[in-house]
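This note's numbering numbers the first residue of the sequence shown as 37 and each following residue consecutively.
By construction, the Cβ of each residue, glycine as well, lies at the ideal position given by its N, Cα and C atoms.
Scroll down for the structure; my scribbles are underneath it.
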Amino acid sequence: MSRRYYIAGNWKMHKTRSEAVELAKALVDGLKDGKHKYLAAPSFTALEAVGAVVKGTNVRLGAQDVAAEEQGAHTGEVSVLMLKDLGVQTIILGHSERRHTYKEDDALVNKKVKLALKHGFEVILCVGETLEERENGQAEVVCESQIIWGLAGVPKDALANVVIAYEPVWAIGTGKTATPDDADAIHAYIRKVVSRLYGADAAENIVIQYGGSVKPENVAQLMSKENIDGALVGGASLKADAFLPIAKFA
Ligand code: 13P
């Protein structure tokens with residue numbers, strides 16, 4: 037198996053530039069000897085400052101979203117060209133907060149995914165069901181449909197730059213985590229969907245992160261599961277003393 041653990045911090049709408057730089061410095065220092073793949077995704081306003089800290093280190097620079105168009109009259113949006121200019125390497129797309137609070141649908145997410153891949157970015161495509169969907173037995177079908185539509189038109193050779201993050205909406209910021217077995221079952225299902233779309237080798241190689249209340253106390257158990265290849269961490273990524281033990285789980 038060639039998959040490597042990938043631990044990412046999604047800082048969401050937190051931290052001024054100076055706070056972000058302080059955290060980035062602590063991560064770079066603490067992860068110098070880290071064995072996994074790492075990402076820090078600050079808000080747009082802190083990308084340049086954090087980029088200067090992580091440049092040339094083993095911590096990648098990530099953005100939390102991007103516009104679906106390259107440029108033009110799109111007030112308030114930030115384009116792939118601007119992110120590239122700042123040295124961003126990875127873009128998180130389809131996060132449930134974008135889907136639910138800002139009403140991004142699969143068609144919009146798909147447009148962003150294709151544009152980001154076209155410009156050479158790595159994409160972390162987030163999928164996941166709400167509590168209601170889970171209780172109705174729809175967890176698998178919701179994730180499946182978000183993957184099919186999110187990756188529509190993405191050719192197999194671009195898949196090496198795609199990471200999938202399974203983030204059950206009910207586990208985000210709630211302190212509730214999917215049990216390692218429940219998460220692994222969905223991850224296995226996601227791998228099956230990828231296999232159907234792109235073949236068994238692509239499915240074997242694709243990295244599937246879990247996100248939703250990942251903490252130092254539960255990371256090792258989650259990562260011990262066959263189909264869980266990393267974590268997309270929200271709240272616990274905001275403090276080095278919580279993120280570092282997650283990122284360096286044994
Ligand atoms: P929490 O780790 O705060 O639950 O957030 C997860 C998340 O949404 C990461 O993208």
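For residue j and residue i, believed in contact at Cβ under 8 Å, the rounded distance
| i | j | result |
| --- | --- | --- |
| Asn-263 | Thr-213 | Actually they do not touch by this definition, with Cβ atoms about 16 Å apart. |
| Ile-127 | Cys-162 | Contact doesn't hold; Cβ gap of about 11 Å is too wide. |
| Lys-250 | Ala-267 | Sequence check: residue 250 is Val here, not Lys. Yes, they are in contact, since the Cβ atoms of Val-250 and Ala-267 sit about 4 Å apart, within 8 Å. |
| Ile-43 | Ala-283 | 4 Å |
| Val-95 | Leu-67 | 6 Å |
N- and C-terminal bounds of the alpha helix (DSSP H) containing residue i
| i | result |
| --- | --- |
| Ile-183 | 175–186 |
| Ala-60 | 53–66 |
| Ile-282 | 276–283 |
Close beta carbons around residue i, own chain, < 8 Å, minus the five adjacent residues each side
| i | result |
| --- | --- |
| Ala-143 | Trp-185 |
| Pro-281 | Pro-252 and Val-255 |
| Lys-19 | Examination of residue 19 is not possible in this model, given that the chain is present from 37 through 286 alone. |
| His-155 | Val-116, Leu-117 and Lys-120 |
Residue i, enclosing beta strand (DSSP E) - first and last residue
| i | result |
| --- | --- |
| Asn-46 | 42–46 |
| Gln-100 | No beta strand (DSSP E) holds Gln-100; DSSP gives it neither H nor E. |
| Ile-244 | 243–247 |
| Tyr-74 | 73–77 |
Chain-order list of residues whose beta-carbon lies under 6 Å from that of residue i (same chain, five-residue window excluded)
| i | result |
| --- | --- |
| Leu-122 | Leu-83, Glu-84 and Gly-87 |
| Thr-166 | Val-205 |
7 Å CB neighbourhood of residue i in its chain, flanking five on each side removed
| i | result |
| --- | --- |
| Val-57 | Ala-85, Val-86 and Val-89 |
| Gly-248 | Glu-203, Pro-204, Ala-207, Ile-208, Thr-213 and Ala-214 |
| Tyr-234 | Lys-192 and Leu-195 |
| Gly-211 | Ser-249 |
Neighbouring residues (CB closer than 6 Å to any heavy atom of ligand 1): Neighbourhood of ligand 1, defined by CB distance below 6 Å to any of its heavy atoms: Asn-46, His-131, Glu-203, Ile-208, Gly-209, Gly-247, Gly-248, Ser-249, Val-250, Leu-268, Val-269, Gly-270, Gly-271 and Ala-272, in chain order.
Between the stretch 144–162 and the stretch 57–69, do three or more beta carbon pairs fall short of 8 Å? no
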